[in-house]
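See below for the structure under consideration.
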Amino acid sequence: LPRLVREFVAQNNTSQIKHVIQILSQEFALSQHPHSRKGGLIGLAACSIALGKDSGLYLKELIEPVLTCFNDADSRLRYYACEALYNIVKVARGSVLPHFNVLFDGLSKLAADPDPNVKSGSELLDRLLKDIVTESNQFDLVGFIPLLRERIYSNNQYARQFIISWILVLESVPDINLLDYLPEILDGLFQILGDNSKEIRKMCEVALGEFLKEIKKNPTSVKFAEMANILVIHCQAADDLIQLTAMCWMREFIQLAGRVMLPYSSGILTAVLPCLSYDDRKKNIKEVANVCNLSLMKLVIPEDDEMDEAKQSVTLPAEPISEESLSKPEAVSGGESFHGRNELDISALNQPLSFQCSCERIQVTLNLDGIVQVLDCHLHDTSIGMMTRIAVLKWLYHLYIKTPRKMFRHTDSLFPILLRTLSDESDEVILKDLELLAEIASSPAGQTEEGHGPSDGSDVRPGPVELHVPARAGQLSSSSMKGLECSPSTPTMNSYFYKFMINLLKRFSSERKLLETRGPFIIRQLCLLLNAENIFHSMADILLREEDLKFASTMVHTLNTILLTSSELFQLRNQLKDLKTPESRNLFCCLYRSWCHNPVTTVSLCFLTQNYKHAYDLIQKFGDLEVTVDFLTEVDKLVQLIECPIFTYLRLQLLDVKNNPYLIKALYGLLMLLPQSSAFQLLSHRLQCVPNPELMQTTDNTKPSTSFKRTAASNIDYTELLQHFEKVQNKHLEARHQRAGRAEQLDRRVVL
């Protein structure tokens, strides 16, 4: 047969050559008899060898019948087919590349063949074909990608190994740019990464590492946007290796592509945020996710607040994040920094993260609605961990800082969940929540024309308190105004401030346990974050209209304790102590009217403001009140407070008996209210130390007394305040009688 074919080649008799090949194919290779098929395969191989370099002219006719035999049920015949094709390809070399897809398709099937001989033969053919592709510059990558994309989803281990081996070969060929087609096969690669075989997983890791290396070398040609959603999906994989690898890729994408990744923020956050609460078993994933989260957060800029999402996307520079912009990123694995490389990043070289984007300016739109929706869902999910909740609150705070105008469109929907978050078990979560609520309440972007908040009839009470804005504070710049607490009322409170105070008190009313366990902590932190005077002024005004008198009394007692004991309110106490300014007197009157819900706190407020005569007048009224155990307990606590450093000035004024007679009378009044208890003994001993006025007289009576003499503020109507106190206490008395009556009726029903 070879001699005959060579003669036809010498005669250039192509018709006879084709006739010979046709007979070998149709009558032998495709015969029903297995021995004939074997003979046909051997004949086709011999024919190819005889044709030599001219075999390329007849490759279609030579290859097709051999590939058909790849599907034969007889394993020995499949081996003959593999051997025949090896000889055909070895002779034709580069001429087989136009037929590469059919050869690859056939080989991918043989790679999973159960017969070891067939598999061994296919591996020899596979290596030969790889050598041909490597040495050639005519490989049709565009035509091959659809087949690769199809075959990469095979579940067979051997087929997967075959696919990965070819991807590694194609990556190693300088003239073949497989990176352009990475979006077509990236999802399949991550699927293979989850294979049960350690060898296949390792091969896939190497392939992905090589791709990441190329991405860092040539970021300008990478289709980041087309692969973003693929990474988002695999960042949520159940398999730890897939999730860690995808997260590492996401980290690099955010840092390399910059704002190009911004439109995919909601998906990225969906994948990243839950990882922040992982325990030490998934420490590597947690650390990489944290870097992704911080990097993504830095992409949001103030210019995003000026863009109109509804109309069109606005062009902004798509700048990557530089290494310096991330402050001390956490370690990823093996004690390395996130710029260090683990085995997933074997491709990592000392390449700069900054690069010149292929298109100098890229259209980027911040999908704020999607981001807020994701953050809101995570806050509502009670199963998420503490670190995730903190990250969500940090994100919302960051968005209110960078894009306040757009964020305030979402405030009404976020407000309820932010208030519920105040009941969180973690102090750190509550702190972040308070920071966010304080920013909402103080941001100029939240100011509306309605006065005290959005239209919400159930929340806003009639006639809210007017928060005074001093002229000197109004002249300050917005930058210096931030965090200003020295003025009576900083002009940074917006329409949401009053709504916040109303809803906070409502929450305390409905959750008494929250008020008991976290109330003082929350209010003290708010006094640091916002203006303390505004907080007390507004709460006092709201409590003045509170219908639940028992809650009003409890809340007033809580606020009074905070006012008298918290270091955060030192400045406010000093302001109230002297009542030198109209603002301080106005604040005293406002507090007093609400403090009347609790008689003992009202007296303590008078002691704080040095209104001793009025304190004495109030104590005289106590004889008309119902003296209960709770009442006496509060008097006991007030006596203890008098002995604290806060009232040092009050105790020193006891030395000036002549000018402070009502102070002494008021203290004696408290003493007479107390039973023979430890508090009684304490106050009695203190009053025994009050000196004799005659002994305290100085020898030089001509000089005016330098001791402090407190005169009542001229513009405060103390008579009216006293009448208001009586009116409020009468309401409390009626309410107690009603409660007692209802309890008595209930007892009768039980008896009946």
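Under the UniProt record's numbering, the first residue of the sequence shown carries the number 1, and numbering increases by one thereafter. Cβ atoms here follow ideal geometry from the backbone N, Cα and C, with glycine treated the same way.
- Here the alpha carbons of E226 and L178 stand approximately 15 Å from one another.
- Taking all protein chains in view, the Cβ of C204 is crowded by 16 or more other Cβ atoms within 10 Å, so the residue is classified as buried.
- The C-beta distance from R6 to A50 rounds to 5 Å, short enough to fall under 8 Å.
- In chain order, A228, N229, V232 place their CB closer than 7 Å to the CB of Y264, counting only its own chain and leaving out the 5 sequence neighbours on each side.
- Between the alpha carbons of A391 and S426 lies a gap of roughly 13 Å.
- Linking R573 to P693 through their CA atoms gives a straight-line distance of about 30 Å.
- Within its own chain, the residues whose Cβ lies closer than 7 Å to the Cβ of F680, once the five positions on either side in sequence are excluded, are L671, L674, listed in chain order.
- The three-state secondary structure of V364, taken from DSSP, is strand.
- Minimum Cα-Cα distance from L505 among the listed residues L529, F253, R545 corresponds to R545.
- Taking 9 Å as the cut-off, the beta carbon of L269 is found closer than this to the beta carbon of N293.
- Between the segment 589-602 and the segment 726-745 there are three or more C-beta pairs closer than 8 Å, enough to call the two in contact.
- The shortest C-alpha to C-alpha distance from V288 to any of C248, P274, S277, D279 is the one to C248.
- With 16 or more neighbouring CB atoms inside 10 Å of its own CB, C235 falls in the buried class.
- For L515, the CB contacts under 6 Å within the same chain, skipping 5 residues up- and downstream, are F508 in chain order.
- L530 carries a coil assignment under DSSP once its states are collapsed to helix, strand and coil.
- Secondary structure of P675 (DSSP, three-state): coil.
- Around the C-beta of K432, 16 or more other C-beta atoms lie within 10 Å, and the residue is accordingly described as buried.
- Per DSSP, the continuous alpha helix (DSSP H) segment holding M407 begins and ends at 404-407.
- Here L208 is near L193, since their CB atoms are less than 9 Å apart.
- About 11 Å separates the Cβ atoms of L107 and L124, ruling out a contact at the 8 Å cut-off.
- Assignment of D239 by DSSP, reduced to helix, strand and coil, places it in the coil class.
- Per the Cβ contact rule, the segment 432-444 is in contact with the segment 394-407 (3 or more Cβ pairs under 8 Å).
- Remark: C-beta atoms of L396 and M387 do not approach each other more closely than 9 Å.
- The three-state reading of DSSP puts Q575 in helix, counting H, G and I together.
- Taking the Cα positions, V629 is about 16 Å away from A740.
- P174 and E135 have their C-alpha atoms some 10 Å from each other.
- The three-state reading of DSSP puts G385 in coil, since its state is none of H, G, I, E or B.
- Look at Y612 here: in three-state DSSP terms it is helix.
- The DSSP-derived three-state label of C596 is coil.
- When DSSP states are grouped into helix, strand and coil, S197 belongs to the coil group.
- Secondary structure note for P34: its alpha helix (DSSP H) is the uninterrupted segment 34-51.
- Of all C-beta pairs linking the segment 48-63 to the segment 82-97, three or more are shorter than 8 Å, placing the two stretches in contact.
- In the structure shown, A271 adopts helical secondary structure according to DSSP, grouped into three states.
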